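The working numbering numbers the first residue of the sequence shown as 1269 and each following residue consecutively.
From the three backbone atoms N, C-alpha and C, an ideal C-beta is built for every residue, glycine too.
Remember, it's a predicted structure, so these values are computed and weren't measured experimentally.
Remarks on the structure that follows.
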Amino acid sequence: MGLLRCRKEAFASPRAGQGPRRGGPAAIATAVAVTLALAWLAATAWAGAGSAAGLASVETPASRTSLSVAPESGVRDPGRPLPGSRRDARGPADASGAFIYRKGKYTPLDGAPGAPMTAHIGLNNRARIVGSYPVDGSTLLRGFVRSGRGDYQGFDAAPGAPDRFTTPVDINDRDQVAGVYAVGSAAAPETAVFHGFVRSPGGAVTTVDVPGAQITSLSGINNRGAVVGAYVDKRGRSHGLLLERGTLTPIDPPKAANVYPGGANIQAFDINDHGQIVGFYPDREGTFHGFLYHKGKFTELDPPQAAGNRNGFGATAAFGINNRRQVVGQYVDADGVPHGYLWERKRGFRTIDPPDGAANTCAEFPNVGRVCGTVAADINDRGQILLPAPGGFFKGDGDG
């Protein structure tokens, strides 16, 4: 069955109003702060704009493309239970700083046992959560699946590879996982190569690479096995993607502009079982906007609180959508502070922040400093919203 091709149509506006927006030199810092809130985009930040410049590539046409993918030979990691997971723990688990929010109640999540910090990124209707954690203070990142009972199972998409980076981003109700992994040298990040992957419940890893792309990443998977993500072509321009039944369709909003060459610009981030896709993109002024895409039509999702702040920029991103068509994401307010949000068609936008003013994501940027705030990363059909833990191991610690 063919896929709907992305058509250049005018954006529709949601019910909530929108104000004027302005671009500015600080826009990139805010955009990176928004994207670094989720671990898989740390991959592109680590690689840098020119990280894959030496790769031979052929630009993928902006149309439907047959894409052949197959499980990597011998790559199967069924996962390893982490000692000290909640089921076996005698005492209370260490709080990670992450929360599950539902109907005004914030429920704290524990971290991966023994890990200095944990990034919870995606969840399904069975309360299973995926994400990543650093290994023994090294440059390695390992993926995990957390059960509804609190047990953690760690895995690698590229077992045995030096300086590997595995970050699962989403999990469906069949326990299929989508994400990104990288292999290369942390000492020479320009050598890193980034791949999208889909992992089966049994641990078989399918690598997904767009032909000729410098970077491929996956971030959403629905119960029908359709996946969404992004890729960067040979010219350093990014595109959203939809992959369904071996067919690739670029998802490029008509107002999008690749103003940050080689990096994460356009992102198709999540997809529900109705085929509705959410993500984000920058306009010509460098301001990021959230979007909802369905049947060839793009709807812009920008909370009114995100419009034109005093620093001269605004930023919005949509990260998750459930089958009730509820959307979650992040916006930056007039003071430059990121907030999580929930959008519903009839009720508009609502801000979702952890209790007591706690920030659940932080990042350090040159000439900007430390940026802290909230990100709402995912939402399931039960209305549970995942607020990840502080992005401490993505903040740079003053390294810039």
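Residues of the same chain with a CB within less than 6 Å of the CB of residue 1571, apart from the 5 flanking positions on each side, are 1599, 1609 and 1617 in chain order.
In the DSSP secondary-structure assignment, residue 1389 is not bridged to any residue. If the five residues before and after residue 1440 are omitted, its C-beta is found closer than 7 Å to the C-beta atoms of 1392, 1489, 1490 and 1491, all from its own chain and listed in chain order.
Taking C-beta atoms as the reference points, residue 1437 and residue 1451 fail to come closer than 8 Å. Beyond the five residues adjoining it in sequence on each side, residue 1649 comes within less than 8 Å, by CB distance, of 1393, 1590, 1591 and 1592 in the same chain, given in chain order. Residue 1498 places its beta carbon 8 Å or farther from that of residue 1525.
With contacts defined by Cβ atoms closer than 8 Å, residue 1396 and residue 1416 form a contacting pair. Within the region 1546-1574, the complete beta strand (DSSP E) segments at least 3 residues long are 1556-1562 and 1565-1569, listed from N- to C-terminus.
Under the 8 Å Cβ criterion, the region 1516-1524 does not count as touching the region 1455-1473, having fewer than three qualifying pairs. Within the model, the alpha-carbon separation for residue 1607 versus residue 1516 is close to 33 Å. Counting every other CB atom within 10 Å of its CB across the protein chains shown gives residue 1512 a total of 16 or more, marking it as buried. Non-local C-beta neighbours of residue 1469 in its own chain, meaning closer than 8 Å and more than five positions away in sequence, comprise 1442, 1443 and 1444, ordered along the chain. DSSP places residue 1436 in the uninterrupted beta strand (DSSP E) bounded by 1433-1439.
By the Cβ-count criterion, residue 1384 is exposed, with fewer than 16 other Cβ atoms from all chains shown falling within 10 Å of its own Cβ. Within 10 angstroms of the beta-carbon of residue 1404 lie fewer than 16 other beta-carbons, which makes it exposed. Taking a 10 Å sphere around the C-beta of residue 1651, we find fewer than 16 other C-beta atoms and assign the residue as exposed.
Bridge partners of residue 1460 according to DSSP: none are assigned. Between the C-alpha atoms of residue 1646 and residue 1427 there is a straight-line separation of about 27 Å. Leaving aside the five residues that flank residue 1540 on each side, the residues in its chain whose CB is nearer than 8 Å to its CB run, in chain order, 1490, 1589, 1590, 1591 and 1593. Secondary-structure assignment with DSSP links residue 1368 through a beta bridge to 1375 and 1654. In summary, residue 1603 is exposed, with fewer than 16 beta-carbon neighbours lying within 10 Å of its beta-carbon over all protein chains present. Here the alpha carbon of residue 1555 sits roughly 25 Å from the alpha carbon of residue 1615.
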